[in-house]
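Comments concern the structure below.
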Amino acid sequence: MTAIILNSPFYQMIDRLTQTYRAVLVQIARDLDEEQQKELQFLCTGLVPRRVKDILTLFHSLEEATKMSWVDVTFLKECLHVVGREDLVAKLTAFEIKRDVSILLNFYVKKRNGLHSFYQSSATNAAEYLVQLMEGFHGRVDVREMLRSSGKNTKDLWLHFVKECTPQSQRMTWGKFSMLVAIAGEIIAVSSSHSRQSPPEEAIELCITLANELCYLMLKLGCWHVIALPYFGVVLAGKGIRGRVCTRFYQFTAAMLSSSSRTVTDKLRQAYKGVLIRISHNLDREHQKELRYYCSGLIPMHDTDTIDILRALEHEGKISWEDIDFLKDAMYTIRRLDMVKKLTDFEIKRDLTLLLDFYVRKIQGLDLCCRCSVGVKRVAGHLVRLMEIVRDTVDIRATSLTVESSNDIRRALVEFDEEFDSGELTFSAWNEFTMLVLIAGEIIAVASGNEERREPVAELCFAAADEPLLSDD
Numbered sequence: 001m002t003a004i005i006l007n008s009p010f011y012q013m014i015d016r017l018t019q020t021y022r023a024v025l026v027q028i029a030r031d032l033d034e035e036q037q038k039e040l041q042f043l044c045t046g047l048v049p050r051r052v053k054d055i056l057t058l059f060h061s062l063e064e065a066t067k068m069s070w071v072d073v074t075f076l077k078e079c080l081h082v083v084g085r086e087d088l089v090a091k092l093t094a095f096e097i098k099r100d101v102s103i104l105l106n107f108y109v110k111k112r113n114g115l116h117s118f119y120q121s122s123a124t125n126a127a128e129y130l131v132q133l134m135e136g137f138h139g140r141v142d143v144r145e146m147l148r149s150s151g152k153n154t155k156d157l158w159l160h161f162v163k164e165c166t167p168q169s170q171r172m173t174w175g176k177f178s179m180l181v182a183i184a185g186e187i188i189a190v191s192s193s194h195s196r197q198s199p200p201e202e203a204i205e206l207c208i209t210l211a212n213e214l215c216y217l218m219l220k221l222g223c224w225h226v227i228a229l230p231y232f233g234v235v236l237a238g239k240g241i242r243g244r245v246c247t248r249f250y251q252f253t254a255a256m257l258s259s260s261s262r263t264v265t266d267k268l269r270q271a272y273k274g275v276l277i278r279i280s281h282n283l284d285r286e287h288q289k290e291l292r293y294y295c296s297g298l299i300p301m302h303d304t305d306t307i308d309i310l311r312a313l314e315h316e317g318k319i320s321w322e323d324i325d326f327l328k329d330a331m332y333t334i335r336r337l338d339m340v341k342k343l344t345d346f347e348i349k350r351d352l353t354l355l356l357d358f359y360v361r362k363i364q365g366l367d368l369c370c371r372c373s374v375g376v377k378r379v380a381g382h383l384v385r386l387m388e389i390v391r392d393t394v395d396i397r398a399t400s401l402t403v404e405s406s407n408d409i410r411r412a413l414v415e416f417d418e419e420f421d422s423g424e425l426t427f428s429a430w431n432e433f434t435m436l437v438l439i440a441g442e443i444i445a446v447a448s449g450n451e452e453r454r455e456p457v458a459e460l461c462f463a464a465a466d467e468p469l470l471s472d473d
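Positions 1 to 473 (full-length UniProt numbering) are the ones given, in order, by the sequence shown.
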């Protein structure tokens, strides 16, 4: 029985996508220069064994530490962003799109051909609603008849539809793109319908091939997770499908983005490492020499690069994401006040993020065992009590229900700040700041219960703390 399941098309699809994922990692390993490899290793300090030196072994260690996999490359994308390799971030984004569309098309084929899906997930739900769209769309063409009568193969028929949807005089739109996804599913379903068993390997190959084609079209439009699926859901709902379709597509996206398991601590630790990388980029040789002298007796004599010095200081317990006072003193001593400001900015964002996270946990009655200071916990307690006093003054819930991503929370905070400026809400300067922090916490708390939310709570807390309205001096 186990062998039958593992040989099922779903697991064959996983095998193919895993191979594609590993091929992308091999390309990334080849494209990183020596300095970028060192920076990537530094970003992964504490997550992988210190003996790890080459990048492919580093990737393997990150997989063993469950920091990345074929279903979640978020951590690696963030690391590559920090080291300045946006081209490699784009490679991983393209893989994410191909992965998600391949899985969606695979389930679409099973549903369209009336095959039983033993694996129930948000992807199967999304495929089901997509099938309903095609069955209820009055202007749809009979793909089955076209494939039989035209003499075209599946790829030629696909290119025909792409040409029809996007003539040279017109641009691709999200509406056209959503229909092309459904048409791709129809083409694959028709080509595999001769088999009453699960779709054969040829159908899986076709899913991946057309997912590649769709990826190319989608990359011209923008960001898949932020725009495509939400818009996709709206388009489907507009065609007469029940309103739940939006939720189904949101859930499918959320299921593929397993980064929701990342904690606030993970996010802050990575942000801290990013600040240290930027400092290493901005210290010239003379400043490096001064920093090394300042740290004499704390670091090995052979450590000369800034990254090596910072790693040694971490190993000695002199700096960490929770305490950067020693490094601030060092930067002040070597007269790099700009770097002192970068570190101070990080401290502000760190404390605000922890405050918001603790606030959300407290008002929701969740586990309060988080790594933040007694002061942060005390302030959060005061904010909770303050909110009970002013709750009738500020209508937060209506706005909170619209927050599904980091961009939404930034928009919400700007709207409330404009109300302060216009006099609709009146508080003193410090009270306005306090109220914005309080409002951010309330928004995140309500948004955390929204099943259409596309980002984990940790991301929302970090995004709110990064908002200039809260973090600027």
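Where a beta carbon is used, it is the ideal one built from N, C-alpha and C, also for glycine.
All values derive from a computational prediction rather than experimental measurement.
Backbone secondary structure at S69 - three-state DSSP: Residue mapping note: residue 69 aligns to position 69 of the sequence shown, counting from 1. DSSP places S69 in strand when its eight states are reduced to three.
Distance CB(M339)-CB(I299) smaller than 7 Å: As a position in the sequence shown, residue 339 is number 339, starting the count at 1. As a position in the sequence shown, residue 299 is number 299, starting the count at 1. Against a cut-off of 7 Å, the Cβ pair of I299 and M339 comes out as no contact.
Separation of L105 from L180, as counted between CA atoms: In the sequence shown, residue 180 corresponds to position 180, counting from 1. In the sequence shown, residue 105 corresponds to position 105, counting from 1. When rounded, the distance between both Cα atoms is 11 Å.
CB-CB length for A445 against I363, believed under 8 Å: Taking the sequence shown and counting its residues from 1, one reaches residue 445 at position 445. Taking the sequence shown and counting its residues from 1, one reaches residue 363 at position 363. That pair is a contact at about 5 Å.
Own chain partners of I324 with C-beta closer than 6 Å, once the 5 adjacent residues on each side are dropped: Position 324 of the sequence shown, counted from the first residue, corresponds to residue 324. Taken in chain order, the residues that qualify are L343.
Run of the alpha helix (DSSP H) containing C461, from where it starts to where it stops: Counted from its first residue, the sequence shown places residue 461 at position 461. Start and end: V457 to D466.
Secondary structure of S45, DSSP reduced to three states: Taking the sequence shown and counting its residues from 1, the one referred to as residue 45 is at position 45. Reading the sequence as shown, one finds Thr at residue 45 and not Ser. In the structure shown, T45 adopts extended strand secondary structure according to DSSP, grouped into three states.
Which of helix, strand or coil DSSP assigns to M179: As a position in the sequence shown, residue 179 is number 179, starting the count at 1. In the structure shown, M179 sits in a helix (DSSP, three-state: H, G or I).
Collapsed DSSP secondary structure at H138 in the structure displayed: Taking the sequence shown and counting its residues from 1, the one referred to as residue 138 is at position 138. Note that H138 has pLDDT 48, beneath the 50 cutoff, so the model's placement of it is unreliable and no number is given.
Cβ-based burial, A440 [other Cβ within 10 Å; buried from 16]: Looking up residue 440 in the sequence shown gives position 440. Of the residues assessed, A440 falls on the buried side of the cut-off, its CB having 16 or more other CB atoms within 10 angstroms.
Euclidean distance between Cα positions of T74 and K67: Residue mapping note: residue 74 aligns to position 74 of the sequence shown, counting from 1. Residue mapping note: residue 67 aligns to position 67 of the sequence shown, counting from 1. In a straight line, the C-alpha of T74 is about 9 Å away from that of K67.
Check whether A312 and D305 have beta carbons under 7 Å apart: On the sequence shown, residue 312 is found 312 positions in, with the first residue counted as 1. On the sequence shown, residue 305 is found 305 positions in, with the first residue counted as 1. No; because the gap between Cβ atoms is not below 7 Å, this pair is not in contact.
N- and C-terminal bounds of the alpha helix (DSSP H) containing E78: Taking the sequence shown and counting its residues from 1, one reaches residue 78 at position 78. Looking at the DSSP string, the run of the alpha helix (DSSP H) that includes E78 is T74 to V82.
Residue nearest to E322 in terms of C-alpha spacing, selected from I309, A330, D308 and E347: Mapped onto the sequence shown, residue 322 falls at position 322. That would be E347, whose Cα lies nearest to the Cα of E322.
Sufficient close CB pairs (3 or more, under 8 Å) joining the region 30-38 to the region 83-94: The region 30-38 makes contact with the region 83-94; the number of CB pairs closer than 8 Å reaches 3 or more.
Local conformation of S448 per DSSP, three classes: Counting from one through the sequence shown, the residue named residue 448 turns up at place 448. Of the three classes helix, strand and coil, the one that applies to S448 here is coil, per DSSP.
C-beta atoms of K98 and C207 nearer than 7 Å: By 1-based counting over the sequence shown, the position of residue 98 is 98. By 1-based counting over the sequence shown, the position of residue 207 is 207. No; because the gap between Cβ atoms is not below 7 Å, this pair is not in contact.
V101 to A203 span [Cα, whole Å]: In the sequence shown, counting from the first residue as 1, residue 101 sits at position 101. In the sequence shown, counting from the first residue as 1, residue 203 sits at position 203. Roughly 14 Å separates the two Cα atoms.
Residue from L276, E186, A271 and I309 whose Cα sits closest to the Cα of K289: The residue you call residue 289 lines up with position 289 of the sequence shown. Nearest C-alpha to K289: I309.
Per DSSP, cross-strand counterpart(s) of D323: As a first step, residue 323 must be located in the sequence shown, where it is residue number 323. Answer by DSSP bridge pairing, in chain order: S320.
Member of I14, N212 and V109 whose CA lies at the smallest distance from the CA of A189: One-based indexing of the sequence shown puts residue 189 at position 189. Out of I14, N212 and V109, V109 has the C-alpha closest to the C-alpha of A189.
Buried or exposed (CB count within 10 angstroms, at least 16 for buried), Q27: Position 27 of the sequence shown, counted from the first residue, corresponds to residue 27. Taking a 10 Å sphere around the C-beta of Q27, we find fewer than 16 other C-beta atoms and assign the residue as exposed.
Residues near I319 in its chain [Cβ-Cβ closer than 6 Å; skip 5 each side]: For this step, residue 319 is matched to residue 319 along the sequence shown. Closer than 6 Å at Cβ, skipping near neighbours: L313, F326 and L327.
Reduced DSSP secondary structure (H/G/I, E/B, other) of I299: Counting from 1 along the sequence shown, the entry for residue 299 is found at position 299. In the structure shown, I299 adopts extended strand secondary structure according to DSSP, grouped into three states.
Straight-line Cα distance separating F107 from G274: Reading the sequence shown from its first residue, position 274 is the one you call residue 274. Reading the sequence shown from its first residue, position 107 is the one you call residue 107. Roughly 39 Å separates the two Cα atoms.
Inter-residue CB distance, F59 and L17 (contact presumed, cutoff 8 Å): Numbered from 1 along the sequence shown, position 59 holds the residue referred to as residue 59. Numbered from 1 along the sequence shown, position 17 holds the residue referred to as residue 17. That pair is no contact at about 16 Å.
Best match in T209, H287, A94 and D15 for proximity to L337 [C-alpha to C-alpha]: Position 337 of the sequence shown holds residue 337. For the residues T209, H287, A94 and D15, the minimum Cα distance to L337 belongs to H287.
Reduced DSSP secondary structure (H/G/I, E/B, other) of L217: Taking the sequence shown and counting its residues from 1, the one referred to as residue 217 is at position 217. Correct three-state label for L217: helix.
Proximity winner among A65, Q37 and K38, relative to V48 (alpha-carbon distances): For the purposes of this step, residue 48 is taken as residue 48 along the sequence shown, with counting starting at 1. The candidate whose alpha carbon is nearest that of V48 is A65.
Cβ pair residue 534, A465 closer than 7 Å: What the structure shows of the chain is the stretch from 1 to 473, and residue 534 is not part of that stretch, so it cannot be assessed.
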